[in-house]
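Asks: Residue numbers (UniProt numbering): 1 to 432.
No residue lacks a Cβ here, since even glycine has one placed at the ideal position from N, Cα and C.
My questions will all concern the structure given below.
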Amino acid sequence: MALPLTGKLAIVTGASRGIGLSITKALAARGANLVLAYTSASSADSTAKLASELSSKHSIKVVPVQADLGTVSGPASLISQAADAFSPLRIDILVNNAGVAYNDKVPDIKPEDFTKSYNVNVLGPLLLVQAAHPYLPTDRSGRIINLSSVSASLGFVGQSVYGGTKAALEAMTRTWAREFSERATVNAINPGPVRSEMYSRNSDEFKRLIKPFIQNAPLMAARPGIDDPEVVEEAKTAGGRAGEADEIAGIVAMLASPESAWCTGQVICANGGMIFGTMETRQTDSSDPFEDVLNLEERFYSEGYQQGIKDGVQAGRIEGRSFGMQKGFEKFFESGRLASKAIVWANRIPHKDGTASWQTCTLPPLPKNARLDKNINTLYALVEPDTLSTENSDDAVQDFDDRVKRAQGKAKIVEKIVGAGGREAAGASPTA
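Structure representation (structure tokens):
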């Protein structure tokens, strides 16, 4: 049986290492002929060797081509060399993978780094697509795949330039999807951290700031006994495991396939759910996680928000006669915040070994304080949805309103006690 990409030609930029190397291998394994684009002369030997190996292994034609995509003439040169090697030239798949990253906070950004970043990451793909356009199929079977990044969406500190270039690439992806609709689908993928040379060069500060995002990504939790021991060990510090280049390549291969014909103008998740998992996570320069919890409940906020949605439906039934579903949602959205805060407080109370909350506690326990414990437990009980009435009655509405007000008061008392710190434990006795 023929492979899905047999007879098709794919051009991959930045093909000599990292994600680009994995993409070339994935497309070759599916039968595509390849043009492997690389920039520096130092990559010539390794790219030529890769081309020979792929050609021999998969019985395909693979041609290495040197072109500097950060120059105005580089993209046209790449297409010209491809035309010399494949005649008549038809470009079925174009993967804009080449990219550079210069990370600095705003006061330290250098104009030359800005210019080089936009030349390679934005102007390069634009000129390459411009040069490739006449050689694209005319039956919508073409595929253009752009490598973006979660940095385009998540606003990482120090990535004004890099994140900006990737956001620009995503914007062009949507425009090209319309302009080239009769020739090719155009999509982007947005990898998060990937085990690669490029990611390893990030500073320790950047890795510290990205850690909360990693911790909230559904698929980035390392699995002892399944993932490599090295990966599991690295995850203890990083907050989770980074993606593998082969995992990114698999998504590119999916978009390059004939089966992706009804998908265009999209940015496809290639990050283990990092963006989905951190919609409510706020990046901060604070080194005290408890301070972050006091500000926006940080990692626990999402749980409270989801509880608020669930309870909002219930609230809609309670208040259906007067306020309706929307009003119930609004009120329970606030209750969701309180619920998440209550979970945080409850997890910080010292518990007996073996209890669920003690095992899942990720913040240091609070010192023993009877008054604090009492208010925390009351707050937790007030926002427990299972104890709410679902009757469509005035009494149920009144009970709900009273509980929200009491919960708000208890949350303020708890924060006041914790804020007082040692003074409270030393014998101050404000009234609850």
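Which residue comes first and which comes last in the beta strand (DSSP E) that contains Y66?
Replies: It is worth fixing the name first, because residue 66 is Gln in this sequence and not Tyr. Segment V62 to Q66, the beta strand (DSSP E) holding Q66.
Asks: Bridge partners for T13 per DSSP, in chain order?
Replies: Looking at the DSSP assignment, T13 forms a beta bridge with A37.
Asks: Kindly identify the DSSP beta-bridge partner or partners of A184.
Replies: G142.
Asks: Classify R201 as buried or exposed, calling it buried when 16 or more other Cβ atoms lie within 10 Å of its own Cβ.
Replies: Flag for R201 reads exposed.
Asks: Which two residues bound the contiguous alpha helix (DSSP H) that contains V161?
Replies: Unbroken alpha helix (DSSP H) run through V161: S160 to E179.
Asks: Quick check on DSSP: helix, strand or coil for K352?
Replies: Caution is warranted here: a pLDDT of 48 is assigned to K352, below 50, making its placement in the model unreliable, and no coordinate value can be reported.
Asks: Beta-carbon separation of T13 and A51 under 8 Å?
Replies: No; because the gap between Cβ atoms is not below 8 Å, this pair is not in contact.
Asks: Roughly how many whole angstroms lie between the Cα atoms of D399 and V414?
Replies: Their backbone Cα atoms lie some 22 Å apart in a straight line.
Asks: Please list the terminal residues of the continuous alpha helix (DSSP H) segment that includes L94.
Replies: Looking at the DSSP string, L94 is not in any alpha helix (DSSP H); the run it does join, the beta strand (DSSP E), is I93 to N96.
Asks: If you run the structure through DSSP and keep just helix, strand and coil, what is G409?
Replies: Reduced to three states, the DSSP call for G409 is helix.
Asks: Using a Cβ-Cβ cut-off of 7 Å (strictly less than) and excluding sequence neighbours within five positions of S43, which residues of its own chain qualify?
Replies: The residues are S16.
Asks: Rounded to whole angstroms, what's the CA-CA distance from K412 to A381? Just pull it up for me.
Replies: About 16 Å.
Asks: Per DSSP, what are the beta-bridge partners of residue 434 in this structure?
Replies: A question about residue 434 goes unanswered here, because the residues of the chain that appear run from 1 up to 432.
Asks: So, under 8 Å CB-CB, K57 and N33 are touching, yes? Tell me the CB distance rounded to an integer number of Å.
Replies: 13 Å between Cβ atoms; not a contact.
Asks: From the beta carbon of I413, is the nearest beta carbon of chain C less than 8 Å away?
Replies: Protein chains in the displayed structure number just one, and chain C is not present.
Asks: DSSP on G250, reduced to helix/strand/coil?
Replies: Reduced to three states, the DSSP call for G250 is helix.
Asks: Could you name the residues of the same chain whose beta carbon sits closer than 6 Å to that of D68, not counting the 5 residues immediately before and after it, in chain order?
Replies: The answer, listed in chain order, is T39 and G74.
Asks: Report, in whole angstroms, the separation of the C-beta atoms of S153 and I275, which I expect to be a contact under 8 Å.
Replies: Sure, about 6 Å apart at Cβ, within 8 Å.
Asks: With a cut-off of 8 Å, do at least 3 Cβ pairs link the segment 94–109 to the segment 157–174?
Replies: As far as the Cβ criterion goes, the segment 94–109 touches the segment 157–174, which means the pair count is three or higher.
Asks: Measure how close the beta-carbons of L78 and V63 come, nearest whole angstrom, since I'm counting them as under 8 Å.
Replies: Not a contact, Cβ separation roughly 11 Å.
Asks: Does the segment 180–198 come within contact of the segment 136–155, defined as at least 3 CB pairs closer than 8 Å?
Replies: With the cut-off at 8 Å, the segment 180–198 and the segment 136–155 touch.
Asks: Nearest-angstrom Cα distance between N146 and A188?
Replies: The straight-line gap from Cα to Cα measures roughly 4 Å.
Asks: Could you tell me the alpha carbon to alpha carbon distance between G158 and G124, rounded to whole angstroms?
Replies: If I take the Cα positions, the gap works out to 23 Å.
Asks: N375 to K416, Cα distance in whole Å?
Replies: N375 and K416: Cα-Cα distance of roughly 11 Å.
Asks: According to the neighbour-count rule (16 or more other Cβ atoms, all chains shown, within 10 Å of its Cβ), is D402 buried or exposed?
Replies: Its Cβ having fewer than 16 others within 10 Å, D402 is exposed.
Asks: Could you please give the first and the last residue of the uninterrupted alpha helix (DSSP H) stretch that includes L128?
Replies: First-last of the alpha helix (DSSP H) with L128: G124 to A132.
Asks: Whose C-beta lies closer than 6 Å to the C-beta of K405 among residues of the same chain, with five residues either side of it excluded?
Replies: Nothing listed; no residue qualifies.
Asks: Mapping DSSP to helix, strand and coil, what is G320?
Replies: Because the pLDDT at G320 is just 46, under 50, the model does not fix this residue reliably, and the point stays unresolved.
Asks: Could you spell out the range, first to last residue, of the alpha helix (DSSP H) harbouring D373?
Replies: Note, D373: alpha helix (DSSP H), A370 to L382.
Asks: Less than 7 Å between C-beta atoms, sequence neighbours within five positions excluded: which residues of the same chain meet that for V106?
Replies: Same-chain partners within the cutoff: S160.
Asks: Using beta-carbon positions only, say whether E233 and R195 come within less than 8 Å of one another.
Replies: For E233 and R195, no; Cβs fall outside 8 Å.
Asks: Taking the straight line between their C-alpha atoms, what separation do you get for S117 and L372?
Replies: C-alpha separation (whole angstroms): 53 Å.
Asks: Take the Cβ of V35 as the centre, count every other Cβ of all protein chains shown within 10 Å, and call the residue buried at 16 or more, exposed below.
Replies: Buried is the call here.
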